[in-house]
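What follows is a short report on a single structure.
Residue numbers (UniProt numbering), protein chains in the order written: chain A, 1 to 799; chain B, 1 to 799.
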């Protein structure tokens, strides 16, 4: 049997070059580092991927061991991490599975279908509840903060000494943010940020460790409450999507591994294929709760996750979304003492745009397109700045305590900047009849019966500010206020995204866009001396918000629908679509979308919809990893244990082959078995002796695999005695006997399409006689991407 | 080489049973009939599929030849027609194709991408124009008809003799319908109906002959004008979807085969894969123009057609939809003298629902669900009646002249029934200030200043009636009028659908639903003595319309979005969704959706999203057709011509194999070649002599295949001399060298998933040594479906 290590080729241009073989050197902190010690003449840079934690030490130690230093910053954009495993989105149709499916009656399938619906309903309900909880707690905290600070300001406005108010404000904000940052940095770093990139990766098929755990959800929820109440330039909408996904992953499994509680229900759904479907529903429910956009939620899930459209699945996702927005709506209506009034469908509500007052005309279309282009440019600038900031953070701000300090610093600076701008602005507006306590007006140095409009913009929750920018009557803001606000908020938001706090970028983007959009509208009505159609700056605020958000996140159809649903008015469909399209085209020319940048910087092997356009000249032969470690149908336990224990190999699937006796040639494919399956087999000691007597007492069932899912123990935790090592293991019942295969000549786009459309994890490459010659995994495909100078190949790294 | 005929096994339960082999008997009319002459002991019914045209003769002639007569009606529901070929939604990646792709630069791909956008823009624009044309012509014709009939009625109302008015009306309508029916029945029968089932099939991958031709479009457009203006209970929305698809198929090819005009552009797109993408865009543009629902259009295309979601494709489809609704809107605004006012986005416009006046409350939800159930029941009844009617039509009304007469009859009956109901109703309503000439009020026997409301409901175009049911103030209709109207219109619409005219079922369904929904609302306000929340019956009309439409067509997400977009208000999202869901669940319990029924009655091999749930115990071995006709890499021309000319085989793909010398075993797969490719090769005489001298002067290029696409000539039209038959043909350059293969043990769901997700046409089944043992095509998979008693197998028929 061929037991050669799986060796990752570095370059297809020099196959068989042994110098390209990665040498794994265990580091002290347990991570591994691969150094590709190729000669410079090979035409490839020397790439060294360092573990981020031990960065500085490694750079010095590296100097000794290699001659040429890498001439690039050791961020991870041009690398592909090997630490991310794939999810099995293709059913493992082994004998056990088929037997179970065949035993099941038509009625059984119907029951399964019904439980899927029940789960989706539950997902929607719980997601809605969480959204409701976050919303109410944030409101309460913000209210308390407002009262405290307001009283303090009122006390000091006349007597002087507002700096004390400033300090009070900054301290309040910093402490809230500190709490949020501490729980994220020390307890669950994966809960940082909006979670959208992580969910994108999960739906794409990449297993991001700990992303759908209960602990992550807890940290996320409390983290987002702290950071929003702490006055950071963040929103609570992005984290809702992540929260929904975690809820879905939890509910659908009918147990909590963290709480060690198994309800013994929904056991059928304990596999990646089914779980993904529910996570899609959860993400959709999250979007739906965040924006009151159930259709937008469905489209978000599809845009990010779908590889194959299924009507019933989509319909279920839609159901979860609807239930989610409905639950949120219902409970908020009770909270607001308007029980039964279902008019607040999401966390953010753009308010009603009356279609008559904000109609648009044909000759405004070019203006909208210009605004789209501005949004694209500003978005690209935002992403570019954030990109460099993130690299800086990867290099220098990687210790949890540093991260907490940075978050507190940002909170303090945000408070100070806001306060300074409020202090120096003298944009007083009359206090209208309809302004209630909820609008947090601050009088400051304004005359009685007036309020400071800059203070409103800064002091409100961002959601409220967006709404007032959309709907306040013309003249509510003066242009200078808006300009200054845009400028400061832009940089604050950019600095804030990527902090070690749970927070989203949707609302800040909308706010920046709404501010400059309103400014655009006001300037326009100056130049056209205020004729009626230009009169309403709220319309331009909406378009600006769409442009800015589109320029940053680059979502397409789903964002259009989310915006339309949040607006509650389909009239703006065409302008919003045009604006988003322009923003995307202009933005893509300069920089990638924010989420894509972060995914790349994490070196995630993310698969896009299609293979790069110019990749037809690559074939499976060049892409695949080879040689492959194979097993026989009946394999010696010792061999299996050794293979699994070998830390230098990292593939998780092993072809099962029929070896031709007395032949050195690779064997003929007869199946595929996963590391996780082998682990379960070893754990249950499903061994046969040479004489074929079964040693294990009971027949292994699908349930044993499901119980171990998804946290399969590592091979090190399984003890196999020396006697047992001599036993044999019969894999034929557990392997997938019909893995997908492709011939060696298959072009990369064709391999890619098969892989992506079916959500595969391993694809066998065979020769004309069905003998295994290689294995294609996600990383082999994700390596190739379109760079500026045509097709580029990413390097592989172990961290 | 194995030259056995491709024999379709009838039953997997008795493989190798030669008695199951179909015997092809050429009939006089050129169609073929297969009789499965199995013994009754085999447990299978004796099925005889007869050509519908020669039905009666065949029944008599059949009596002689077989002993047991089939004990079932010879409709085609339990059959699968072999006459429908599949489309190649998987790229044929042969050497020529790969060479072209590899030659193309990054810039070249970008240009292609831009031309895709241009084409989508064009598709949207032209579809919008067509919608506009249909709308304006129908309005004009209806206006003329109204004036003529009105004058006549006014003349006779006082003096008596209204029967003359009736006759005038009936004759006018019948003649219009006659014109419409004649062009459909005699020139292009495929243009009958709404065209939605046909487009569903096309997007699913079934080649419906002539469905996307220019002639079909012409007949469709004029047919729909005639049938709508002729006062039938039909809508013009369904045909718009078909029209959009035809426009897309035409524009994207850069030529018209019918007009023999080749613009020499867009040649790259001349293959099924690319064409399908554009047809999706066209269908979406059609929906968008029909309902002003661009997002709904995209979702419709995805729900019906998508196998694989691609962000850029979806975005392009959305672009086409937007352009389409925008174009329609713009030109209609010019027509209505309100240039630049973009408030009429679709052919049907539900009018603005003011969100305040029609808010709903929590306790109305159960009512909505009840309405959904009613809609589901009525929909199932509608479908059931229409099913039997269609079977009746297949049996007895298959001659074109009979079809025209039936259409005229329906038109006359519709006119008579309407007239009678108007005549006997005395539901007079005061003529409001806002009613203009456009509302076609008829005074009849009402007092001056009043009008007959029944006349309004019947005399208006259905679109107007729907709108007035939604928006007319409470009290505009009395309950008896509505009840009678619902009843008559229900049966009229049911009779009308399936006539040989171009017409859609959307609007009649909406109208029926709106009528009983309004009735429901009125009754409700009676019982609750008119408290404010129940006051507006328009809300219930909307819910009723959704319920009825959902009960008939059973669309899910797309219909929800279409309804929401047509309403212009997202508030109703949740109720509409609940209603559609209930209607679908209730309806599915009793009967299938209308489109599915018609697809089944056409015996189309339609592939659903997933394999039947209980089909895990079937494997590729049982599903596949075998033995398979294979070719060698270098094959004798005579052999190829003979194989292609053999009328008893009907597979269109041939595996290319490497035969082991002096062996009877099947050869190893090395490629797959299509009938259409072989035809082009034969036509261009790409022969080599035994001595390998190339006979053809020039190297065959991809262009030659594209020029022949999509109407490849039949083999009979290609003359191959006796000398040429002795030559050889080298297939290696033209075959697809990397066809997808599966092992024999692969379960049906797995085969299905691969086949459906990648849009395959042929899937090779191989043994463990990569030798061809069978071929799976669409029909092999579509045969299995869930019946009432578990998994059922459909029989195959040649017509």
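Positions of the beta carbon are idealized from the N, C-alpha and C atoms, including for glycine. Predicted, not measured: the structure shown is a model, and the values here were computed from it.
- For the region 159 to 217 of chain B, there is no continuous beta strand (DSSP E) assignment of 3+ residues that stays within its boundaries.
- Residue 644(A) and residue 728(A) have their C-alpha atoms spaced approximately 15 Å apart.
- Under a 10 Å Cβ-count criterion, residue 707(A) is classified as exposed, with fewer than 16 other Cβ atoms of the shown protein chains found around its own Cβ.
- Rounded to the nearest angstrom, the gap between the Cα atoms of residue 625(A) and residue 735(A) is 21 Å.
- Residue 240(B) sits buried, since 16 or more C-beta atoms from the chains shown fall within 10 Å of its C-beta.
- Residue-level contact by beta carbon fails for residue 762(B) and chain A, as no gap is shorter than 7 Å.
- Counting only runs that start and end inside the region 262 to 330 of chain A, the alpha helix (DSSP H) elements of at least 4 residues fall at 272 to 291, 294 to 305.
- Straight-line spacing of the CA atoms in residue 222(A) and residue 180(A) works out to 7 Å.
- Annotation: Cβ neighbours of residue 570(B) in chain A (cutoff 7 Å, chain order): 565, 568.
- Taking 7 Å as the CB threshold, residue 205(A) stays off the interface with chain B.
- Between residue 783(A) and residue 793(A), the CB-CB gap stays under 7 Å.
- About 7 Å separates the beta carbons of residue 772(A) and residue 667(A), which is inside the 8 Å limit, making them a contact pair.
- Closest by C-alpha distance to residue 145(A), out of 339(A), 170(A), 301(A), 672(A), is 170(A).
- The C-beta of residue 384(B) comes no closer than 7 Å to any C-beta of chain A.
- Bounds of any alpha helix (DSSP H) do not take in residue 731(B), whose DSSP letter is neither H nor E.
- Taking a contact to require three or more Cβ pairs closer than 8 Å, the region 209 to 220 of chain B and the region 148 to 166 of chain B do not qualify as touching.
- Between residue 296(A) and residue 551(A) a beta carbon distance of about 18 Å is seen, past the 8 Å cut, so the two are scored as non-contacting.
- Every beta strand (DSSP E) stretch that sits fully inside the region 664 to 720 of chain B and reaches 3 residues is listed by chain position as 668 to 674.
- Per DSSP, the beta-bridge partners of residue 428(A) are 452(A).
- Runs of the alpha helix (DSSP H) lying entirely within the region 511 to 592 of chain B and spanning at least 4 residues, in chain order: 537 to 553, 557 to 567, 573 to 590.
- Distance from the Cα of residue 723(B) is smallest, within the candidate group 605(B), 702(B), 739(B), 688(B), for 688(B).
- Taking C-beta separations shorter than 6 Å and ignoring five residues to either side along the sequence, the partners of residue 715(B) in its chain run 644, 645, following chain order.
- Collapsing the DSSP output to three states places residue 635(A) in a strand.
- Listed along chain B, no residue sits closer than 8 Å to residue 476(A) by beta-carbon distance, the nearest being about 24 Å off.
- Close partners of residue 561(A) in chain B (Cβ separation under 9 Å): 295, 561.
- If you check the CB distance, residue 497(A) and residue 386(A) come in under 7 Å.
- Pairing residue 642(B) with residue 770(A) gives a Cβ-Cβ distance that is not under 7 Å.
- Here residue 243(B) is not bridged, per DSSP, to any residue.
- A residue is called buried once 16 or more other Cβ atoms fall within 10 Å of its Cβ, and residue 420(A), having fewer, is exposed.
- Counted as a single uninterrupted DSSP element, the beta strand (DSSP E) harbouring residue 790(A) occupies residues 790 to 793.
- Listed along the chain, the chain B residues whose CB falls inside 8 Å of the CB of residue 109(A) are 613, 614.
- Listed in chain order, the alpha helix (DSSP H) elements of length 4 or more contained wholly in the region 601 to 658 of chain B are 620 to 623, 637 to 645.
- Neighbours of residue 770(B) across chain A, judged by C-beta separation under 7 Å: 768, 769, 770.
- Here residue 96(A) has 702 as same chain residues with Cβ atoms under 6 Å from its own Cβ, once five neighbours each way along the sequence are excluded.
- At a cut-off of 7 Å, the C-beta of residue 311(A) has a neighbouring C-beta in chain B.
- Residue environment: residue 598(A) is assigned as buried (16 or more neighbouring CB atoms within 10 Å of its CB, all protein chains considered).
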